[in-house]
Every structure is written in C-alpha cells, then in structure tokens.
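Right, one structure below, let's go through it.
Numbering (the working numbering), first residue to last: 1108 to 1245.
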C-alpha cells in the first residue's frame, strides 16, 4: 500500500461520518437484537405478525433515540424538535419495515422471522441517512 493510500485510509477511518456510522451500527446491533427478540416472542405468543413487527420496531426506536442522540450524533441536550424529527424518521422506518415484512411473507413466501431479518438492515440505511442529515443535524 502506498503512502497516499495509507493516508486516504486513515482519513476515511478518522472522519466524523465513519465514526458516526460505526456508532450507529453498534446502536443498530443492540436495536436489531431487541427488535428481533421481541418480534419472535410476540409472534410465538400469538400476536399477528404485522402488529408484532410494529411493536418490536417501536421498542427498538425508544432504545435508539437516547443512544443515538447522546452517543452516535452527540446532539446535546434533549430538544422537542429533535424528538419530533426522530419520531418522523422512526415512523417512516416502521412503515417501511412492516411493508417489507408483509411483502416478503405474503409476496415472496418467506418465513416471518427471515423476513424481519431481511427488512432490518434495509430500514437501517434509510434511518441512518435521515437521522444524520435531518433528525440530529446541527
């Protein structure tokens, strides 16, 4: 690797975007585990899978708000405007999540747990972009 390539790699690793993306991924991993476990428990208890997906997503959003505000985006003290924007991002994410799960189960014949595992990372990309550039933007 050349010195120029090494310098470019170090700059990319040290960039604010890279750090935010890494922290968002850690928060996302905890939310994914929480969301998937709650979804699995809810559906095992007989909750209709779209309702279980929405409820599990909402629980993950509550966990995510504080961790992303304080740690990922370092957005400072609580502010109602930030919370309002975050709620909009999460509602869009929830709608996309439920829509994808239903489409994969009903349209593609996927098992509901697999459908949820597929939906989560796709929704995460949307959520990161909107969170970084709008909900927690300075």
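In this text, a Cβ means the ideal position worked out from N, Cα and C, and glycines have one as well.
The structure displayed is predicted, hence computed values, not measured ones.
Taking Cβ to Cβ, would you say residue i is nearer than 8 Å to residue j?
i            : j            : result
residue 1135 : residue 1231 : yes
residue 1174 : residue 1162 : no
residue 1229 : residue 1199 : no
residue 1220 : residue 1147 : yes
residue 1164 : residue 1243 : no
Tell me the DSSP secondary structure of residue i in three-state form.
i            : result
residue 1210 : helix
residue 1129 : helix
residue 1217 : coil
residue 1188 : helix
residue 1143 : helix
residue 1122 : coil
residue 1164 : helix
residue 1241 : helix
residue 1236 : helix
residue 1154 : coil
Tell me, to the nearest whole angstrom, how far the beta carbon of residue i is from that of residue j; I am working on the premise that it is less than 8 Å.
i            : j            : result
residue 1142 : residue 1167 : 4 Å
residue 1170 : residue 1138 : 6 Å
CB of residue i to nearest heavy atom of the ligand ZN: below 7 Å?
i            : result
residue 1182 : As for the ligand ZN, it is missing from this structure, which has no ligand bound.
**Request:** Decide yes or no for the touch test of the stretch 1213-1225 against the stretch 1166-1184: beta carbon pairs closer than 8 Å, at least 3 of them.
**Result:** no
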